[in-house]
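Remarks on the structure that follows.
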Amino acid sequence: MIGASEIDPRVPRGQKLQLESTTVPLWMRRILLAAAAYNLIWGAFAILSPLTIFRMAGFNPLPGTELWQCIGMIVGVYGIGYGIAALDPVCHWPIVLVGLLGKICGPIGFIGAVSSGRFPAVMGWTILTNDLIWWVPFSLILWKAAQVHIDR
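Going by the working numbering, the sequence shown wraps up at 314, each residue one higher than the last.
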């Protein structure tokens, strides 16, 4: 077992480290729970019915639905992470940061694929619902976490 003095050298040897509790606005937890539910549902849908989204967009899917199912698995795993982060968004800020980075990189990759003609622009609605709508709330959660950790 690691002693508190090994985590924080300012804590005298043998004493327990006591973390301050932080009040987190309820909306942060709700946003992360909504993101968890959305990602789990979307991921499961992509895994179980990988061609449906392409057909809805009137686009012939790329060969190899396994790639789309793999993306669904990644999205679902993010959902598990968001569920964990919802327990304490300030403590679990790294999960939110990784999620936001993915939600920034997704649209960048999408723009590249559309620009090169490898992917249809009509699939852009997935970028709106999977990525763009989460930028502001995730950024605000990270801002709150930064404020709390700077104050400690």
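From the three backbone atoms N, C-alpha and C, an ideal C-beta is built for every residue, glycine too.
Nearest to residue i by CA position, among the options, is which residue?
| i | options | result |
| --- | --- | --- |
| PRO269 | LEU249, GLY286, VAL258 | GLY286 |
| VAL310 | VAL252, PRO256, LEU294 | VAL252 |
| MET218 | LEU262, THR288, ALA307 | THR288 |
| PRO282 | ASN222, TYR200, GLY234 | ASN222 |
| ILE193 | ALA308, ASP313, ILE312, TRP297 | TRP297 |
| VAL237 | ALA247, TRP255, ILE209, LEU259 | ILE209 |
| VAL260 | PHE272, GLY274, GLY243 | GLY243 |
| ALA247 | ILE312, ALA307, LEU290 | ALA307 |
Straight-line CA distance for residue i to residue j?
| i | j | result |
| --- | --- | --- |
| LEU249 | ARG191 | 7 angstroms |
| VAL276 | LEU302 | 30 angstroms |
| ILE215 | TRP204 | 10 angstroms |
| ILE257 | TYR200 | 16 angstroms |
| GLY245 | LEU213 | 27 angstroms |
| TRP305 | VAL284 | 33 angstroms |
| GLY241 | ALA197 | 7 angstroms |
| ILE232 | PRO299 | Looking at the sequence provided, one finds Cys at residue 232 rather than Ile. Between CYS232 and PRO299, the C-alpha separation is close to 26 angstroms. |
| TRP189 | ILE295 | 15 angstroms |
| LEU202 | PHE272 | 21 angstroms |
| VAL186 | PHE207 | 32 angstroms |
| ILE164 | GLY279 | The predicted position of ILE164 is uncertain, since its pLDDT is 40 and thus under 50; a value taken from the coordinates is nonetheless stated next. Rounded to whole angstroms, ILE164 to GLY279 spans 54 angstroms at the Cα level. |
What does the Cβ neighbour count give for residue i, buried or exposed, with the cut at 16 atoms within 10 Å?
| i | result |
| --- | --- |
| GLY220 | exposed |
| GLY234 | buried |
| ASP293 | buried |
| TRP255 | buried |
Should residue i be flagged as near chain B, meaning a C-beta pair shorter than 8 angstroms?
| i | result |
| --- | --- |
| THR214 | Protein chains in the displayed structure number just one, and chain B is not present. |
- Message: Quick test of the definition: if touching needs 3 or more C-beta pairs under 8 angstroms, does the stretch 209-229 touch the stretch 260-278?
- Response: no
- What beta strand (DSSP E) runs, 3 residues minimum, are completely inside the stretch 199-249? none
- Query: In the stretch 250-299, which residue ranges form an unbroken alpha helix (DSSP H) of at least 4 residues, counting only runs that do not cross its ends?
  - Reply: 255-277, 286-292
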